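Protein sequence lines correspond, in order, to chains A and B. At the far end of the first sequence sits residue 145, using our numbering, and the numbering has no gaps. At the far end of the second sequence sits residue 145, using our numbering, and the numbering has no gaps.
2 protein chains.
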Amino acid sequence: MNIGEAAARSGVPSKTIRYYESVGLIPPAHRTASGYRIYTEADVQTLRFVSRARGLGFSVADCANLLALWQDTARASADVKALARQQVDRIEAKVAELQSMKETLEDLMERCHGDARPDCPILSDLAGSASRCHVQETRKTA
Amino acid sequence: MNIGEAAARSGVPSKTIRYYESVGLIPPAHRTASGYRIYTEADVQTLRFVSRARGLGFSVADCANLLALWQDTARASADVKALARQQVDRIEAKVAELQSMKETLEDLMERCHGDARPDCPILSDLAGSASRCHVQETRKTA
DNA sequence: TCTTGACCTTCCGGTTACTAGAACCTCCAT
DNA sequence: ATGGAGGTTCTAGTAACCGGAAGGTCAAGA
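Here it is as structure tokens:
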């Protein structure tokens, strides 16, 4: 099948398939005499695998590792689990950061009239009125 | 003061200050005869403002809006609050997406031995063993 | 005065994971 | 034969910077 059909079957856009090939996430596709890429059902499975992994937030680099483990029938499930744990950790860190931002914003919003008047605790806080600051220095850690 | 001192005082790296200027977030700095940028204490305040807003996850574009509101003494606090609310919404959406990924990953991890054996439900799931799928299609919405 | 070193300047490239579009080629059906 | 859909490569743009190169500037010490 050509790239369009592989895209339709896998849910991964043609452009993205070419991109994955270009960065080495998937091996170069075979070609017809005229240069068209050709894919097998197995290739489509691989694309679906990648698509699901990406959907869980794994980076393309992680996907490459996961693919390698998937294709290595002698893998240790511990290695897979370790990648998953790393990913959970990254997600948790990100969530914590976002929650912290959200709390700060909600605090500020609560104290803001939100009407036609110009005085606004949100701006005051951003300007450094040194009231409370939940977040502060969360940026570099992100 | 020169850019280095402004950076030290504001906590915004020199590179970033130049970047903010280049994208129009802050106005072009005045220059010495030899071309060095010069900053006032007020400029440092502006940089701190931007830094705090960025720390709450506002985009650079949003920061420009916030700055404009800050400098407009006739603003309506409602306008500021609206931006904050938007930001909270964006954060909540992102958090929901991440939580969903996390749940899926944790479910899979729970079912994975995580030892030397090769069989691994995480890989099986990614390969499409069609067990449960919490996330699915969360990607485009992100 | 000269030099050294720290600091400044601009500009280019890399980061992540794609997407849009241009210019051109190929395939199939009418 | 031709038209249109779909393939090919390549470049550039997205967000928000960071790193580094090449070269100019400034203040202090010898």
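Just so you know, even glycine gets a beta-carbon here, dropped at the ideal spot from N, CA and C. Small disclaimer: the values here were computed from a predicted structure and weren't measured.
Using a 10 Å radius around the Cβ and a threshold of 16 neighbouring Cβ atoms, would you call residue i buried or exposed?
| i | result |
| --- | --- |
| Q74(A) | exposed |
| K18(B) | exposed |
| G60(B) | buried |
| T107(B) | buried |
| E100(B) | buried |
| D92(A) | exposed |
| S1(A) | In the structure as shown, chain A starts at 4 and stops at 145, and residue 1(A) therefore has no counterpart that could be examined. |
| G38(A) | exposed |
| Q90(A) | buried |
| A71(B) | exposed |
| I125(B) | buried |
Return the CA-CA distance between residue i and residue j, expressed in angstroms with no decimal places.
| i | j | result |
| --- | --- | --- |
| A67(A) | I29(A) | 8 Å |
| G27(B) | G131(B) | 47 Å |
| C1(A) | F52(B) | Residue coverage of chain A in this structure runs from 4 to 145, which leaves residue 1(A) outside it and unanswerable. |
| E8(A) | E44(A) | 10 Å |
| T35(B) | K97(B) | 45 Å |
| R40(B) | T49(B) | 15 Å |
| H137(A) | R114(A) | With a pLDDT of 41 at H137(A), under the threshold of 50, the modelled position of that residue is not reliable, and the figure given next carries that caveat. Approximately 15 Å between the Cα atoms of the pair. |
| S13(A) | I20(A) | 10 Å |
| L129(B) | M4(A) | 23 Å |
| I119(A) | A11(A) | One point to set straight first is that residue 119(A) is Ala, not Ile, in the sequence displayed. Near 52 Å, if we compare the C-alpha coordinates of A11(A) and A119(A). |
| S80(A) | P121(B) | 5 Å |
| V47(A) | Y23(B) | 44 Å |
| K84(A) | A77(B) | 56 Å |
| A64(A) | R55(B) | 32 Å |
| R57(B) | S103(B) | 25 Å |
| L69(B) | A32(A) | 49 Å |
| P16(B) | M112(B) | 41 Å |
| S134(B) | S127(B) | Any reading at S134(B) must be qualified, since the residue scores a pLDDT of 46, below 50, and its modelled position is unreliable; no value is offered. |
| I94(A) | H116(A) | 34 Å |
| K105(B) | I6(B) | 42 Å |
| A87(B) | Y42(A) | 48 Å |
| E109(B) | S25(B) | 44 Å |
| D82(A) | D82(B) | 50 Å |
For residue i, return the contacting residues in chain B, with the cut-off set at a CB-CB distance below 9 Å.
| i | result |
| --- | --- |
| S62(A) | Per Cβ cutoff of 9 Å: no residues; S62(A) is ~13 Å from chain B at best. |
| I6(A) | Within 9 Å Cβ-Cβ: nothing; I6(A) doesn't reach chain B, min ~20 Å. |
Residue i versus chain A: which residues are under 9 Å apart at the beta carbon?
| i | result |
| --- | --- |
| G131(B) | Q48, R51, F52, R55 |
Below 7 Å on C-beta distance, what does residue i contact in chain B?
| i | result |
| --- | --- |
| A119(A) | A79, A81 |
Under 8 Å Cβ-Cβ, which residues of chain B neighbour residue i?
| i | result |
| --- | --- |
| D122(A) | S80 |
| I41(A) | Correct list: empty, because the minimum Cβ distance to chain B is about 22 Å. |
Q: May I ask you to list, following chain order, the residues of the segment 11-30 of chain B that have a beta carbon less than 8 Å from some beta carbon of chain A?
A: Residues of the segment 11-30 of chain B with a C-beta atom less than 8 Å from some C-beta of chain A do not occur.
Q. What are the residues of the segment 92-117 of chain A that lie near chain B, defined by any Cβ-Cβ distance shorter than 8 Å?
A. Of all residues in the segment 92-117 of chain A, I94, E95, K97, V98, L101, Q102, M104, K105, T107, L108, E109, L111, M112, C115, H116, G117 have a Cβ within less than 8 Å of some Cβ in chain B.
**Q.** 4 or more residues per run - each alpha helix (DSSP H) lying fully within the segment 110-134 of chain A
**A.** Secondary structure remark: continuous alpha helix (DSSP H) runs of at least 4 residues inside the segment 110-134 of chain A, in chain order: 124-129.
**Q.** Selection of the segment 73-94 of chain A by Cβ proximity to chain B, strictly under 7 Å
**A.** Of all residues in the segment 73-94 of chain A, the ones placed with a Cβ closer than 7 Å to any Cβ belonging to chain B are W73, T76, A77, R78, A79, S80, A81, V83, K84, A87, R88, Q90, V91, I94, in chain order.
Q. Which ranges would you report for the alpha helix (DSSP H) in the segment 39-114 of chain A if only whole runs of at least 4 residues count?
A. Qualifying alpha helix (DSSP H) stretches, in chain order: 44-58, 63-74, 80-113.
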